[in-house]
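Number of protein chains: 2
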Amino acid sequence: MENLMPKTPTVYDVADLAGVSIATVSRVFRKPHKVSQATKDRVDAAVLNLGYVPSGSARSLAARRAGAIGLCFPDFDGIDGGPGPIVYTDGRVIEQLDPPEDVEPSGDLYLSEVMLGTEIEAWRHGMAVTIAVARGDEIFDNLAGRVDGMITLSRTVPERLLAHIARHIPVVVIAGTRAGDDYDHIGTDNVAGMQAMTQHIVESHGVRDLAFVGGPADSPDDHDRFEGFRMGLQAEGIEPPSEPLLRGDFTRSHGRMLGRRLVEAGRVPRALVCSNDQTALGVLDALLATGMRVPEDVIVTGFDGIDASQTSRPRLTTVRQPMRELGRAAVDTLLRRLGDPLMPPQTGTLPVTVLLRESCGCLA
Amino acid sequence: MENLMPKTPTVYDVADLAGVSIATVSRVFRKPHKVSQATKDRVDAAVLNLGYVPSGSARSLAARRAGAIGLCFPDFDGIDGGPGPIVYTDGRVIEQLDPPEDVEPSGDLYLSEVMLGTEIEAWRHGMAVTIAVARGDEIFDNLAGRVDGMITLSRTVPERLLAHIARHIPVVVIAGTRAGDDYDHIGTDNVAGMQAMTQHIVESHGVRDLAFVGGPADSPDDHDRFEGFRMGLQAEGIEPPSEPLLRGDFTRSHGRMLGRRLVEAGRVPRALVCSNDQTALGVLDALLATGMRVPEDVIVTGFDGIDASQTSRPRLTTVRQPMRELGRAAVDTLLRRLGDPLMPPQTGTLPVTVLLRESCGCLA
DNA sequence: CTGAAAGCGCTTACAG
DNA sequence: CTGAAAGCGCTTACAG
Numbered sequence: 630m631e632n633l634m635p636k637t638p639t640v641y642d643v644a645d646l647a648g649v650s651i652a653t654v655s656r657v658f659r660k661p662h663k664v665s666q667a668t669k670d671r672v673d674a675a676v677l678n679l680g681y682v683p684s685g686s687a688r689s690l691a692a693r694r695a696g697a698i699g700l701c702f703p704d705f706d707g708i709d710g711g712p713g714p715i716v717y718t719d720g721r722v723i724e725q726l727d728p729p730e731d732v733e734p735s736g737d738l739y740l741s742e743v744m745l746g747t748e749i750e751a752w753r754h755g756m757a758v759t760i761a762v763a764r765g766d767e768i769f770d771n772l773a774g775r776v777d778g779m780i781t782l783s784r785t786v787p788e789r790l791l792a793h794i795a796r797h798i799p800v801v802v803i804a805g806t807r808a809g810d811d812y813d814h815i816g817t818d819n820v821a822g823m824q825a826m827t828q829h830i831v832e833s834h835g836v837r838d839l840a841f842v843g844g845p846a847d848s849p850d851d852h853d854r855f856e857g858f859r860m861g862l863q864a865e866g867i868e869p870p871s872e873p874l875l876r877g878d879f880t881r882s883h884g885r886m887l888g889r890r891l892v893e894a895g896r897v898p899r900a901l902v903c904s905n906d907q908t909a910l911g912v913l914d915a916l917l918a919t920g921m922r923v924p925e926d927v928i929v930t931g932f933d934g935i936d937a938s939q940t941s942r943p944r945l946t947t948v949r950q951p952m953r954e955l956g957r958a959a960v961d962t963l964l965r966r967l968g969d970p971l972m973p974p975q976t977g978t979l980p981v982t983v984l985l986r987e988s989c990g991c992l993a
Numbered sequence: 630m631e632n633l634m635p636k637t638p639t640v641y642d643v644a645d646l647a648g649v650s651i652a653t654v655s656r657v658f659r660k661p662h663k664v665s666q667a668t669k670d671r672v673d674a675a676v677l678n679l680g681y682v683p684s685g686s687a688r689s690l691a692a693r694r695a696g697a698i699g700l701c702f703p704d705f706d707g708i709d710g711g712p713g714p715i716v717y718t719d720g721r722v723i724e725q726l727d728p729p730e731d732v733e734p735s736g737d738l739y740l741s742e743v744m745l746g747t748e749i750e751a752w753r754h755g756m757a758v759t760i761a762v763a764r765g766d767e768i769f770d771n772l773a774g775r776v777d778g779m780i781t782l783s784r785t786v787p788e789r790l791l792a793h794i795a796r797h798i799p800v801v802v803i804a805g806t807r808a809g810d811d812y813d814h815i816g817t818d819n820v821a822g823m824q825a826m827t828q829h830i831v832e833s834h835g836v837r838d839l840a841f842v843g844g845p846a847d848s849p850d851d852h853d854r855f856e857g858f859r860m861g862l863q864a865e866g867i868e869p870p871s872e873p874l875l876r877g878d879f880t881r882s883h884g885r886m887l888g889r890r891l892v893e894a895g896r897v898p899r900a901l902v903c904s905n906d907q908t909a910l911g912v913l914d915a916l917l918a919t920g921m922r923v924p925e926d927v928i929v930t931g932f933d934g935i936d937a938s939q940t941s942r943p944r945l946t947t948v949r950q951p952m953r954e955l956g957r958a959a960v961d962t963l964l965r966r967l968g969d970p971l972m973p974p975q976t977g978t979l980p981v982t983v984l985l986r987e988s989c990g991c992l993a
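Quick note, the sequences are listed as chains A and B, same order.
Here the first sequence is numbered in the numbering used here, starting from 630 and rising by one per residue.
Here the second sequence is numbered in the numbering used here, starting from 630 and rising by one per residue.
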């Protein structure tokens, strides 16, 4: 840092110092086996000596591939709500009471697991991963222009934008439901997972009074999970409802509200099958607060397998999504698409796992 | 997808169609105010018509800046342990019992929060964020060459590599302790946070029998936190120990082990101040399992403020790190450095917050 | 406000 | 195994 970082060395500098052509320098990096050991050594020495790092942009431009994948995720947290100034400190510490009521977990591991899966698989294939929170149109020139393909979580990028991007580079959508033939899609087996959960409750716990606590009516995930619930009941010879008993918005606080509402209405079914973990945890909070026992009085189950589901009391029986695999599969699909642009639209469905824990009565 | 994605349109195609020069096309994107509305409209129409997306690599090469920041994080999960093949499914679901003993949370939000903070601040300044798990030397040419600067979590990238990179682009290290004058550093006020926590226990709960449960002896974070603990005791007129009572490795399972060991030794202090949340949660598990009551018999506190700390029973009193701010501050520092390469090495310390919850007795 | 032209730093056939 | 040369698609002074 003390030196002025003079001019960054380029292939030309390395070539000069090593006494070879720039083509040879390039080969040492990209096709080492096509270079004799002797010249390779000379080039390596020059590289080290100069502190040379190949320019990614020049490389991408010349090679006609960015060598990177874009990953776009939703602004789930209202991120754009204007972050304040950054405060630096020296010894001052704030102390504050932190009652549970005010707590809404800042997010779960879903996002970071998908990201990790994407990163792992991408780097296995020598691709970098560039991330972006979906904000507006800027994405389109800031991200789309610098990657070979894009992965996006469902309902993250406005359709119009996505269409523009897909005209340029392949796009893979994760979760939700297929958004048409212009994108490949990787999803989770919501239907089978919820059906298995439902039948488990009926068969292993002898419960026939089940109700579904849903999420937003326009969520395709919620739709599929409710469908699985209905299929499960049907398979057990129980007449399925045409609508969820209640709907929330997938948050824990809404779950609490729904739980309270059920108790107040004096009509709590023997089992509450919730459309996601956050809702289930909220329902759990509300039921326990009124003195009901889970699972003795009511069975409560979730869907997703977020971290909080395994540390709650009682621990939540749920369906785990293969989050990391979702990212990996998306990358795989993207790379196949890149290799064969004409292949028909792909749809990948990943298997889920029903985790039997305390809230259904499977574990003490 | 059905069309062959013929040849991707370039500035030349847009310029031709709009009847302007390529310089003008470029200006429409980069300096719109320097172009008359009329020609701008023509260019915009051509862009839409052709589905033009500017090439990021050509842009970066010409502009001499990548327009991206690299974020490097540790392979905390043993990621490279060979991921298996991806299984696609159709209706098959695995059911499995999931007892608590086998659970080690797959990670906490620390990483994803830092990532989010980085992303938010970077995009506010028009920079993309490219992420990478630290693996080996590949980072150096895959990531370092394509970004204008790099942010890395402490002890993530081998010193030799980091030095090579820092010769090329500025590097900001997050957490841990300063690694020399070649990098800027953003950290958290470990000392003040732990001191405040310690004094809180003494002053608000009248406890004078405190012990410190540490992490790895070579962790600078652990070192600072223990130092804060000692300073807190000293300030209260209590003779501080020279070493932690016990040391774990920052994992929950190690925490459990340490908790069991304490109980078996029959020597459990009135308050256990743990060096991080995972350790504290493990200690909590072990104590509760033997019938001890927290906080009535023993006070247990953590450090970090991970999600699990606010859903445990009892909820964990802890010191929250400003994770998202850490990322934001790192980006800020990086951009300032980019703007002024000669400025002296920077060190930023962010304030922490003591969260008073149930495990110290502050909330029922 | 607009255009012609040089140049950014690589990769990649093509020759040898 | 190695080199000369064209070209990747932009940005940016410089003129006008």
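Note that beta-carbon positions come from the ideal geometry of N, C-alpha and C, so glycine has one too.
Residue i touches chain A at which residues, Cβ-Cβ below 8 Å?
{"i": "B/H662", "result": "Under the 8 Å cutoff, chain A gives no residues; its nearest Cβ is about 17 Å from B/H662."}
With a Cβ-Cβ cutoff of 7 Å, do residue i and residue j count as a contact?
{"i": "A/G934", "j": "A/T947", "result": "yes"}
{"i": "B/M823", "j": "B/R854", "result": "yes"}
{"i": "A/I798", "j": "A/G778", "result": "yes"}
{"i": "A/V640", "j": "A/V654", "result": "yes"}
{"i": "B/V628", "j": "B/L887", "result": "Chain B is shown only over 630 to 993; residue 628 of chain B falls outside these bounds and no answer can be derived."}
{"i": "B/A909", "j": "B/V929", "result": "yes"}
{"i": "B/V758", "j": "B/L700", "result": "yes"}
{"i": "A/D906", "j": "A/G931", "result": "yes"}
{"i": "B/E987", "j": "B/R944", "result": "yes"}
{"i": "A/V820", "j": "A/E865", "result": "no"}
Please list, in chain order, the chain A residues whose beta carbon lies closer than 7 Å to that of residue i.
{"i": "B/D772", "result": "Reading the sequence as shown, one finds Leu at residue 772 of chain B and not Asp. Those are A757, listed as they occur along chain A."}
{"i": "B/G977", "result": "Y717"}
{"i": "B/T637", "result": "H797"}
When the Cα atoms are used, what is the spatial distance from residue i to residue j?
{"i": "A/S871", "j": "A/V912", "result": "22 Å"}
{"i": "A/G746", "j": "A/W752", "result": "10 Å"}
{"i": "B/D704", "j": "B/I760", "result": "12 Å"}
{"i": "A/V927", "j": "B/T817", "result": "44 Å"}
{"i": "A/L985", "j": "A/S904", "result": "16 Å"}
{"i": "B/A695", "j": "B/I780", "result": "15 Å"}
{"i": "A/A915", "j": "B/V981", "result": "32 Å"}
{"i": "A/E748", "j": "B/P898", "result": "44 Å"}
Does residue i have its Cβ less than 7 Å from a Cβ in chain B?
{"i": "A/A804", "result": "no"}
{"i": "A/R986", "result": "yes"}
{"i": "A/P683", "result": "yes"}
{"i": "A/L791", "result": "no"}
{"i": "A/E872", "result": "no"}
{"i": "A/P728", "result": "yes"}
{"i": "A/G680", "result": "yes"}
Per DSSP, which residues does residue i bridge with? Please list them.
{"i": "B/V801", "result": "B/I780 and B/D813"}
{"i": "B/D933", "result": "B/R949"}
{"i": "B/E868", "result": "DSSP output for B/E868 lists no bridge partner at all."}
{"i": "B/V582", "result": "For residue 582 of chain B there is no data in the structure shown, the boundaries of chain B being 630 and 993."}
{"i": "A/F841", "result": "A/V902"}
{"i": "A/V983", "result": "A/V948 and B/E724"}
Determine the chain B residues that contact residue i at a beta-carbon separation under 8 Å, and present them in chain order.
{"i": "A/L740", "result": "S741"}
{"i": "A/Q725", "result": "T982, V983, L984 and L985"}
{"i": "A/L690", "result": "S684, S686, A687 and L690"}
{"i": "A/D961", "result": "I715"}
{"i": "A/H829", "result": "E724"}
For a contact meaning CB atoms closer than 9 Å, what does residue i contact in chain B?
{"i": "A/G822", "result": "V722"}
{"i": "A/D818", "result": "T718, D719, G720, R721 and V722"}
Give a yes or no on whether the minimum CB-CB distance between residue i and chain A is below 7 Å.
{"i": "B/Y717", "result": "yes"}
{"i": "B/L992", "result": "yes"}
{"i": "B/E868", "result": "no"}
{"i": "B/H1000", "result": "As shown, chain B starts at 630 and ends at 993. That puts residue 1000 of chain B outside it, with no answer to give."}
{"i": "B/R693", "result": "no"}
{"i": "B/R775", "result": "yes"}
Interface residues of chain A around residue i at Cβ under 9 Å?
{"i": "B/V762", "result": "L745, E748, I749 and W752"}
Listing by chain order, which chain B residues have their CB less than 7 Å from the CB of residue i?
{"i": "A/T940", "result": "A937, T940 and S941"}
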